[in-house]
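Asks:
There are 2 protein chains.
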Amino acid sequence: METHEVVSRNADRYVEWLNQACSFPSLAGEPQGLEDMASWLEARFEALGATTERLTFEGAPDALLATIGHAAVTEDEAAGKSVLVYDHYDVQPVDPIELWDSKPFEPVIRDGVFFARGAADNKGDLVARLAGLEVYAELHGELPFGVKFFVEGEEETGSPSFEGIVSRYGHKLAADGCIWEGFGVDNAGRPELVFGAKGLAYVELVHKGLASDQHSSYASIAPSPVWHLVEALATLRSPDGTVLIDGFYDDVQAPGADEVELLAAIPFEEEAEKKRFGIDHFIGGDTGVDLVRRHLFGPTANIAGIHAGFTVPGASKTVLPREAMARIDFRLVPDQDPDDIVVKLRRHLAKHGYDAIEVSTHSMEHPSRSPVDSVIGRASIAAAKRVWDEGPVIAPLMAGTGPMYPIANTLGIPIVSPVGVYRPESNIHAPNENVLVDQYLKIIEYTVAWLEAFGEQTAGA
Amino acid sequence: METHEVVSRNADRYVEWLNQACSFPSLAGEPQGLEDMASWLEARFEALGATTERLTFEGAPDALLATIGHAAVTEDEAAGKSVLVYDHYDVQPVDPIELWDSKPFEPVIRDGVFFARGAADNKGDLVARLAGLEVYAELHGELPFGVKFFVEGEEETGSPSFEGIVSRYGHKLAADGCIWEGFGVDNAGRPELVFGAKGLAYVELVHKGLASDQHSSYASIAPSPVWHLVEALATLRSPDGTVLIDGFYDDVQAPGADEVELLAAIPFEEEAEKKRFGIDHFIGGDTGVDLVRRHLFGPTANIAGIHAGFTVPGASKTVLPREAMARIDFRLVPDQDPDDIVVKLRRHLAKHGYDAIEVSTHSMEHPSRSPVDSVIGRASIAAAKRVWDEGPVIAPLMAGTGPMYPIANTLGIPIVSPVGVYRPESNIHAPNENVLVDQYLKIIEYTVAWLEAFGEQTAGA
Chain H
637 METHEVVSRN ADRYVEWLNQ ACSFPSLAGE PQGLEDMASW LEARFEALGA
687 TTERLTFEGA PDALLATIGH AAVTEDEAAG KSVLVYDHYD VQPVDPIELW
737 DSKPFEPVIR DGVFFARGAA DNKGDLVARL AGLEVYAELH GELPFGVKFF
787 VEGEEETGSP SFEGIVSRYG HKLAADGCIW EGFGVDNAGR PELVFGAKGL
837 AYVELVHKGL ASDQHSSYAS IAPSPVWHLV EALATLRSPD GTVLIDGFYD
887 DVQAPGADEV ELLAAIPFEE EAEKKRFGID HFIGGDTGVD LVRRHLFGPT
937 ANIAGIHAGF TVPGASKTVL PREAMARIDF RLVPDQDPDD IVVKLRRHLA
987 KHGYDAIEVS THSMEHPSRS PVDSVIGRAS IAAAKRVWDE GPVIAPLMAG
1037 TGPMYPIANT LGIPIVSPVG VYRPESNIHA PNENVLVDQY LKIIEYTVAW
1087 LEAFGEQTAG A
Chain L
637 METHEVVSRN ADRYVEWLNQ ACSFPSLAGE PQGLEDMASW LEARFEALGA
687 TTERLTFEGA PDALLATIGH AAVTEDEAAG KSVLVYDHYD VQPVDPIELW
737 DSKPFEPVIR DGVFFARGAA DNKGDLVARL AGLEVYAELH GELPFGVKFF
787 VEGEEETGSP SFEGIVSRYG HKLAADGCIW EGFGVDNAGR PELVFGAKGL
837 AYVELVHKGL ASDQHSSYAS IAPSPVWHLV EALATLRSPD GTVLIDGFYD
887 DVQAPGADEV ELLAAIPFEE EAEKKRFGID HFIGGDTGVD LVRRHLFGPT
937 ANIAGIHAGF TVPGASKTVL PREAMARIDF RLVPDQDPDD IVVKLRRHLA
987 KHGYDAIEVS THSMEHPSRS PVDSVIGRAS IAAAKRVWDE GPVIAPLMAG
1037 TGPMYPIANT LGIPIVSPVG VYRPESNIHA PNENVLVDQY LKIIEYTVAW
1087 LEAFGEQTAG A
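So the sequences go chain by chain: H and L. For the first sequence, this note's numbering begins at 637 and goes up steadily by one. For the second sequence, this note's numbering begins at 637 and goes up steadily by one.
#1: For residue 1075 of chain L, I'd like the list of residues in its chain whose CB is within less than 7 Å of its CB, leaving aside the five on either flank, ordered along the chain.
#2: Classify residue 1005 of chain L: buried if its beta carbon has 16 or more other beta carbons within 10 angstroms, exposed otherwise.
#3: To the nearest angstrom, how far is the alpha carbon of residue 812 of chain L from that of residue 720 of chain L?
#4: Interface residues of chain H around residue 852 of chain L at Cβ under 8 Å?
#5: Roughly how many angstroms separate the alpha carbons of residue 997 of chain H and residue 815 of chain L, rounded to a whole number?
#6: Using a Cβ-Cβ distance under 7 Å, would residue 913 of chain H count as near chain L?
#7: Can you round the beta-carbon distance between residue 784 of chain L and residue 809 of chain L to whole angstroms, since I take them to be within the 8 Å contact cut?
#8: Should the stretch 962–970 of chain L be regarded as contacting the stretch 927–938 of chain L, the criterion being three or more beta carbon pairs within less than 8 Å?
#9: If you measure between the beta carbons of residue 774 of chain H and residue 642 of chain H, is that distance less than 7 Å?
#10: Answer yes if the stretch 863–877 of chain H comes into contact with the stretch 862–869 of chain L, meaning at least three C-beta pairs across the two stretches below 8 Å, and no otherwise.
#11: Taking DSSP as the reference, what is the three-state secondary structure of residue 1034 of chain H?
#12: If you measure between the beta carbons of residue 794 of chain L and residue 726 of chain L, is that distance less than 7 Å?
#13: Quick one, which residues of the stretch 1028–1049 of chain L are near chain H if we go by CB-CB under 8 Å, in chain order?
#14: Express the C-alpha separation of residue 960 of chain H and residue 710 of chain H in angstroms, rounding to a whole number.
#15: To which residues does DSSP link residue 1000 of chain H through a beta bridge?
#16: From residue 874 of chain L to residue 993 of chain H, what does the alpha carbon distance come to, in whole angstroms?
#17: Cα-Cα, which of H/890, H/938, H/902, H/911 is closest to residue 877 of chain H?
#18: Would you say residue 838 of chain H faces chain L, with C-beta separation under 7 Å as the test?
#19: Please check if any C-beta of chain H sits within less than 7 Å of the C-beta of residue 714 of chain L.
#20: Could you check whether the Cβ of residue 884 of chain H sits closer than 7 Å to any Cβ belonging to chain L?
#21: Helix, strand or coil: which one does DSSP assign to residue 844 of chain H?
#22: Is there a Cβ from chain L that is less than 7 Å from the Cβ of residue 983 of chain H?
#23: When we look at the beta-carbon of residue 792 of chain L and count the other beta-carbons within 10 Å, is it buried (16 or more) or exposed?
#24: Answer yes or no: do residue 977 of chain H and residue 962 of chain H have a C-beta to C-beta separation smaller than 7 Å?
#25: Taking only beta carbons into account, state which residues of the stretch 864–889 of chain L come closer than 8 Å to chain H, listed in chain order.
#26: What residue ranges within the stretch 947–1017 of chain L form continuous alpha helix (DSSP H) runs of no fewer than 4 residues, ordered along the chain?
#27: Could you please give me the residues that DSSP links to residue 827 of chain H through a beta bridge?
#28: Rounded to a whole number of angstroms, what is the C-alpha to C-alpha distance between residue 905 of chain L and residue 862 of chain L?
#29: Please report the distance separating the alpha-carbon of residue 657 of chain L from that of residue 742 of chain L.
#30: Does the contact criterion of 3 or more C-beta pairs under 8 Å hold for the stretch 734–754 of chain L versus the stretch 834–852 of chain L?
#31: Does the separation of the CB atoms of residue 780 of chain L and residue 724 of chain L fall below 7 Å?
#32: For the beta strand (DSSP E) containing residue 760 of chain H, name the first residue and the last one.
#33: Name the DSSP beta bridge partners of residue 1070 of chain L, please?
#34: Is there at least one Cβ from chain L nearer than 7 Å to residue 711 of chain H's Cβ?
#35: Judging by CA-CA distance, which residue of H/660, H/1044, H/1054, H/1043 is the nearest neighbour of residue 1030 of chain H?
#36: Against chain L, which members of the stretch 782–799 of chain H pass a CB distance test of less than 9 Å?
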């Protein structure tokens, strides 16, 4: 296969691109790391012949818009077809840093595995797509349609400015379909495509119940903010994962018959997943399609962090802490509304006597789903069939979150999250994040394949 | 008053002694700070004419035994009367360090208040007693009885070696009564004496429920160690403070009629305490003697610390944490046994389905009570009447913990915790620990007074 040969010949260079991209600490709280990463991307895009532009927005790292191909040189953009490609150049924090086997921003390759923060989420996809553009140009010359890369810098903090950016610059983003950050392959290496993302309501609960820390002998008579918060948390969810907030499930749209059919076809490797988690059974004891359905269509309440008092290892301080904090991320499914969920959470706390607990919102995201049967959907599925022998696996919704809503719902551009560099062992959002070098190279080939397929699908338009 | 004049004349020197003592970071994890503090004490004791000896014990900072007065020069110690004085030279950790207004080990005096870690617990008492010995010598010459200072270095981590040290060196500690680390004055400045201490079972609960941290999208199907721990904690205690562990209260000895009478005479300043805590009501809505009884005779379960996941301020990481940890200190009353309580805790967790949670014990202490009507009890009460116009307030048990059991129960020496440098605003175990300089100087006078009173009580023996 010609594409394969071109990628193989340039493999070392493309791995070096990923190495460079993963060397920048481009995360919240590191403005220099974010800026260095953005500048590096601009230089790469321009080297590929793209026109770049910064989409600035108050308080947010600059988003990048890079346009290449036919649409870029057509005065009347509406005359040409175009694909919007969404990625983000920011990464998750690195804590707990002590569990990393190598430094998060000093990539290393061990036994064909490339380790670095951001390698899987989402720099691997982004850089593979850059490489794919170069390979396409070598094989075919100029793109017969437009490709617009829209790369934001605050996805990992919940894309708080994304709606604002899309609202301000929406006229520049118009396209016939959107390629989202990549999904990946499953335990058996089968390629996966996803057509929607959960939403998110990330809240922090803080209870400042005492004027100051007290000697714990006063626990006899002074109310404990920590106990109060623990008791409040215990009212929010039952051990089987059911969220106990009144009205939490009101707006949940159950999957239709077509979607349940897609869910049933998803080969979820239960034993391998249990082994990876180190558990005996999944929540609620679910298996089979029930398990897949719960994973993709079940909203969650997760305690992402909790802290109070004295937790330094080794010493045992007897203190009645003055305050306690917990962070909960609710993953939401269509058509739950994150703002509405926070209203219902506050109402729940008040109803149960916990109204002294302060609730603040950190990041909020609407869930969103696109149809499988769109031009971009068909192109990305056809391309997957060319590159992999098996699959593809098609999921109508993914378990994770992404800001698809402003693109899919506000701008009305159908989205697909195509095959990407992720695999279950990629440790995204965790220590030792990694990608397989071979899979990364294959995603470069796949990028060429969906560019080709989109061209074929739209050639007659 | 002659004592008052001598103390006043030397006040600057004695404050400087306290300043020096509070400059050593003598806490767990700081072996050099502990050793420097021990050496400083030895030098001070020897300057007062005491004989010093280190009571070594494997794994523990050296305890100091300093002997002065008649017993020190009598071959047949049994022929002379003696007082054992218990103090500790270690202090609590300093976290949360950011809430301190000055550095914990760089003492400062602001408006007559002396701020430093350890000033109130327990270096203030210890140094005041050293000063008291010097003043006594200036007023009266040699002590007509023996005084043995027994100063340990790991009280703040629960005195894990104390029983062993007392068992090994008990023959050197024989005495007719024991002066414990000082209690203090109440909100109105009334002197307080205490005749017993609660016990402690300090446990750490850890639940390692997943092989590694996971992206929180897996919260849909993977059990959460944090939720599991929160749910387990919520079964341990009801919001009114009642501990729900089977058999927890089995060995609790209710106060007798005499003790309830003492409790009723304790002028607990409810409004001032509520204001200090920043609360509207005490646990269970108790007031009056019920409140005092709950405070002194009520065992507790306090969450001293809890931690899981991502808690760094400012960023919102969406992680399903692989493990969760909570530290609980149970304050126990006579005749609860800390080992028995841990057995019952483990049984409770197993019974409720939480046996995957690991329980480790950090520090364990038996509760203990001595009779009010002993020679040392009468002497310390009489001395308080000489030095203060009001009170004293007499508590049969204190809300805090101390290792009285090996002395009072194993060696059979009656204990009193006499008036000390503490007051409710002292912030012990908390940021900005402090003592009033005036109160510190008064405790020097009080030390002279109880030395005199003990001599009078035993003169005819």
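Think of the CB as a built atom: it goes at the ideal place given N, C-alpha and C, for glycine as much as any other residue. Given the structure is predicted, the values throughout are model-derived calculations rather than measurements.
Replies: Reading it off the structure:
#1: Cβ within range, chain order: 821, 1057, 1059.
#2: So residue 1005 of chain L ends up on the buried side.
#3: Distance between the alpha carbons of residue 812 of chain L and residue 720 of chain L: 8 Å.
#4: Correct list: 936, 938, 940, 965, 967, 1065.
#5: Take the alpha-carbon of residue 997 of chain H and the one of residue 815 of chain L: they are about 54 Å apart.
#6: Residue-level contact check: residue 913 of chain H touches chain L, since one or more beta carbons of chain L fall below 7 Å from its beta carbon.
#7: Contact between residue 784 of chain L and residue 809 of chain L holds, since their C-beta atoms are separated by about 7 Å, short of 8 Å.
#8: By the Cβ rule, the stretch 962–970 of chain L counts as touching the stretch 927–938 of chain L, because three or more pairs are nearer than 8 Å.
#9: Pairing residue 774 of chain H with residue 642 of chain H gives a Cβ-Cβ distance under 7 Å.
#10: Touching, yes.
#11: DSSP, reduced to helix, strand and coil, places residue 1034 of chain H outside both helices and strands of the structure shown, so it counts as coil.
#12: Cβ distance not < 7 Å, so residue 794 of chain L and residue 726 of chain L don't count as in contact.
#13: Against chain H - using a Cβ distance shorter than 8 Å - the residues of the stretch 1028–1049 of chain L are 1034, 1035, 1036, 1037.
#14: Model confidence at residue 710 of chain H stands at a pLDDT of 48, short of 50, so the residue's coordinates are unreliable and nothing is read from them.
#15: Its beta-bridge partners are H/837.
#16: Going from the Cα of residue 874 of chain L to the Cα of residue 993 of chain H covers about 18 Å.
#17: With distances taken between Cα atoms, residue 877 of chain H lies closest to H/938.
#18: Closer than 7 Å to some Cβ of chain L, the Cβ of residue 838 of chain H qualifies, so yes.
#19: Model confidence at residue 714 of chain L stands at a pLDDT of 48, short of 50, so the residue's coordinates are unreliable; what they give is reported in the following sentence. Against chain H, the CB of residue 714 of chain L has no partner CB under 7 Å away; the residue lies outside that interface.
#20: Not an interface residue.
#21: Residue state, collapsed to three classes: strand.
#22: So no, residue 983 of chain H is outside the interface.
#23: Sixteen is the threshold: when 16 or more other Cβ atoms of the shown chains lie within 10 Å of the Cβ of residue 792 of chain L, as they do, the residue is buried.
#24: Contact flag unset, no.
#25: Answer in chain order: 864, 866, 867, 869, 870, 873, 875, 877.
#26: For the stretch 947–1017 of chain L, whole alpha helix (DSSP H) runs of length 4 or above, ordered along the chain, are 974–987.
#27: Bridge partners of residue 827 of chain H: H/821.
#28: A straight line joining the alpha-carbon of residue 905 of chain L with that of residue 862 of chain L spans about 39 Å.
#29: Straight-line Cα distance between these residues: approximately 10 Å.
#30: Not touching, per the Cβ criterion.
#31: Result no, Cβ atoms of residue 780 of chain L and residue 724 of chain L do not sit closer than 7 Å.
#32: Where residue 760 of chain H is concerned, there is no enclosing beta strand (DSSP E), although the alpha helix (DSSP H) it sits in stretches over 760–776.
#33: In the DSSP assignment, residue 1070 of chain L is bridged to L/751.
#34: Confidence is the limiting factor: at residue 711 of chain H the pLDDT is only 46, short of 50, which leaves the residue's position unreliable and the question unanswerable from this model.
#35: Minimum Cα distance to residue 1030 of chain H is reached at H/1054.
#36: Listed by position along the chain: 792, 793, 794.
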